[in-house]
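Just below is one structure, and these are the notes that go with it.
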Amino acid sequence: MTKFIHFNSDINSISLPDAFDYPYNYTPHTLAKIASDELQEYLKTQSDFSHDFGIKNPYSNDALGKMFGVLVVKNTEGSIGYLAAFSGKIANSTQHKHFVPPVYDVLEKNGFYLKTEENLNRINKQILELENSIDYQDIKSRYLTTKASHESLLTEEQTKVKERRKLRKLEHQQDNQLNINEEFYLREYEVYLKHKIAPVKKEYLGFQNKIEQLKNQRKELSAWVQQEIFKHYIFLNNSNEKQNSLDIFKDSTQNIPAGSGDCCAPKLLQYAFLNNLTPICMAEFWWGKPSKTYVRKHLNYYPACTGKCKPILTHMLKGITVNENPLYVQLKIKKEISIIYEDEFISVINKPHDLLTVSGKEIEDSVHSRMKKKYPEATGPLVVHRLDMSTSGILLIAKNEDTYKALQAQFINRTIHKRYVALLNGKLSKNNGEIDLPLRVDLEDRPKQLVCYTHGKNAVTKWETIEVKNNKTKVYFYPITGRTHQLRIHAAHSLGLNTSIIGDDLYGQKEDRLYLHAESITFVHPKTKESMNITSPVSF
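Residue 483 in full-length UniProt numbering is what sits at position 483 of the sequence shown, and the numbering runs on without skipping anything.
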């Protein structure tokens, strides 16, 4: 049990938590924070490995930040300590002396993975040698050149025949026998060309078949080694029950995500269960250069992901008392909706923070469910647009389908203008600007979004500073597009404002609420055709 680390700090006066934190939404316990601080001190001074995290130069292209985790545990003697882990590998190794080992070490010397990798590299080398060989390049060039030439010759003859037929038709000299002869000629000419190219084609296809066989061999070997890896990732729980990745993800509609089991949380819990350590609380934090894709910032805490970790942790935490999702606790608190404007066609409401716009799978209470009760005679979807659960402010409600469609058209045509107020956790280098970062859903950690220039949707936000006070900046946000979590990502991401909205539990740090409010909306009334500007004063 060499990975058990005793606290350097005095923790005797700190009470242990009653239950293990809900891994996907939590504020780290004091013990976990102290353990994190001690691990960070180690990272500042360690000489056990060499890795450029980008602490000194975050703009270095070679730098790479990394997620670290701590698990506070109690040993069989009743002593409290902690374990440390990192995600994936560091310095081309999955094992370092200060950290728990991986659940399964794919880089184990003489292990099947490295042997298979050698075979795959050998196959790749054979493919590369064949594709780059002088003989293959020569026969490929001759075959493709001859094929193109023959296709051109055949097309030329076909064109001549068409032109002759067209001319005979104009001169009213149709000749069926001549047409048949020309068809026979074209078929014979095509056969002649195929016969002429056959030896070159045969030699070319011989090379192609060899290359294709090697590629199929590579594909089969890759598929086999992946399945073997999944079989060898065997996860324990408090009752010493075992499940491998194939068992855990058997009901998943998607393939097992790459790197499943290599995150901090599974590594930490696995080591604890193997060594009769009782898990108490944990925390994961980012160390080093910010990610260009995800929102990951130096020293910030982050919960476990839902795509890779949740299925695994559901098994591993079985039998352990885990806190209820704090989100559900928040949503159980009844918050009142106020009406800002109302007539027979529309209603403009002020949505409180921590209230869903539309009911979820497990939470019925929402703006939509309340509006259905308030306006039982209304037709159509009622809610014209949405706000994040955590965001407060203005929402438009349509009382009939025609009104709904008319307002929706204004959103689609971007003639509706909205203004948000946000309080940011820091100062900005400019007073205004525009953020253009394409966004898409994080498939491994829904509902979070990430920046993606390949598959992301266009997302643009204009902003300006209102005031700076106590090292916090209040800003106006003017969303040009309306992507999910757009303002939150554009604020927090290192390529955006690089300063998260206060209280953003997804992309920043938790507070009493998310300090983001939809303050103003301008639209054309669907019935009166008058331009309307409605505001909802911000409470922060």
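Beta carbons: idealized from backbone N, C-alpha and C, even for Gly.
- Secondary structure of Ala265 (DSSP, three-state): helix.
- In the DSSP assignment, Tyr301 is bridged to Phe285.
- Nearest C-alpha to Gly482 among Ile280, Gln408, Val524 and Val200: Gln408.
- Looking from the CA of Gln46, the closest CA among Lys97, Lys3 and Thr27 belongs to Lys97.
- Boundaries of the alpha helix (DSSP H) around Met371: Val367 to Lys374.
- By the neighbour-count criterion, in which 16 or more other beta carbons inside 10 Å mark a residue as buried, Asp21 falls on the buried side.
- Per the coordinates, the alpha-carbon of Gly426 lies some 5 Å from the alpha-carbon of Asn471.
- Taking 8 Å as the upper bound for CB-CB distance, Leu516 and Ile501 are in contact here, some 5 Å apart.
- Taking Leu107 as the centre and dropping the five residues before and after it, the same chain places the C-beta of Thr94 closer than 6 Å to its C-beta, in chain order.
- Residue burial annotation: Ala148 is exposed, with fewer than 16 other C-beta atoms found within 10 angstroms of its C-beta.
- Beyond the five residues adjoining it in sequence on each side, Val200 comes within less than 7 Å, by CB distance, of Ile139, Arg142, Tyr143 and Thr146 in the same chain, given in chain order.
- Asn121: member of the alpha helix (DSSP H) spanning Phe112 to Asn132, first to last residue.
- Sequence-distant Cβ neighbours of Pro101 in its own chain, meaning closer than 6 Å and more than five residues away, are Gln95.
- Counting the other CB atoms within 10 Å of its CB gives Val103 a total of 16 or more, which places it among the buried residues.
- Taking Glu464 as the centre and dropping the five residues before and after it, the same chain places the C-beta of Asn431, Asn432, Val475 and Tyr476 closer than 7 Å to its C-beta, in chain order.
- Annotated three-state conformation of Ala223 is helix, per DSSP.
- Approximately 12 Å separates the beta-carbon atoms of Gln158 and Leu193; this is outside 8 Å, ruling out the contact.
- The Cβ atoms of Asp52 and Asp62 sit closer than 8 Å to each other.
- Taking a cut-off of 8 Å on C-beta distances, the stretch 376–393 touches the stretch 343–357, as three or more cross pairs fall below it.
- Annotated as proximal: Tyr26 and Pro303, with beta-carbon spacing under 8 Å.
- In summary, Gly360 is exposed, with fewer than 16 beta-carbon neighbours lying within 10 Å of its beta-carbon over all protein chains present.
- One Cα belongs to His232, the other to Ser87, and the distance between them is close to 18 Å.
- About 28 Å separates the Cβ atoms of Thr357 and Val322, ruling out a contact at the 8 Å cut-off.
- DSSP places Asn350 within a strand segment (E or B) once states are collapsed to three.
- Just measuring C-alpha positions, the residue of Ile14, Tyr24 and Tyr189 sitting nearest Leu327 is Tyr24.
- Counting only residues of its own chain and dropping the five nearest sequence neighbours on each side, Leu39 has a CB closer than 7 Å to the CB of Phe68, Val70 and Ala84.
- Taking every protein chain shown into account, the CB of Phe184 has fewer than 16 other CB atoms within 10 angstroms, so this residue is exposed.
- With 16 or more neighbouring CB atoms inside 10 Å of its own CB, Asp445 falls in the buried class.
- If you keep only unbroken beta strand (DSSP E) runs of at least 3 residues inside the stretch 182–221, you get nothing at all.
- The beta carbons of Gly65 and Pro290 sit about 7 Å from each other, so the pair counts as a contact at 8 Å.
- Contact annotation: the stretch 268–279 touches the stretch 232–241, with at least three C-beta pairs closer than 8 Å.
- As for any beta strand (DSSP E) of minimum length 3 sitting wholly inside the UniProt domain "Pseudouridine synthase RsuA/RluA-like" (347–493), the runs are 392–398, 417–424, 432–436, 439–441, 449–451, 460–469 and 472–479, ordered along the chain.
- Here Trp287 is buried. Its C-beta has 16 or more other C-beta atoms within 10 Å.
- Here Leu497 really is in contact with Leu424; their C-beta atoms are around 7 Å apart, less than 8 Å.
- Under the DSSP assignment, Lys332 falls in the alpha helix (DSSP H) whose first and last residues are Pro326 to Lys332.
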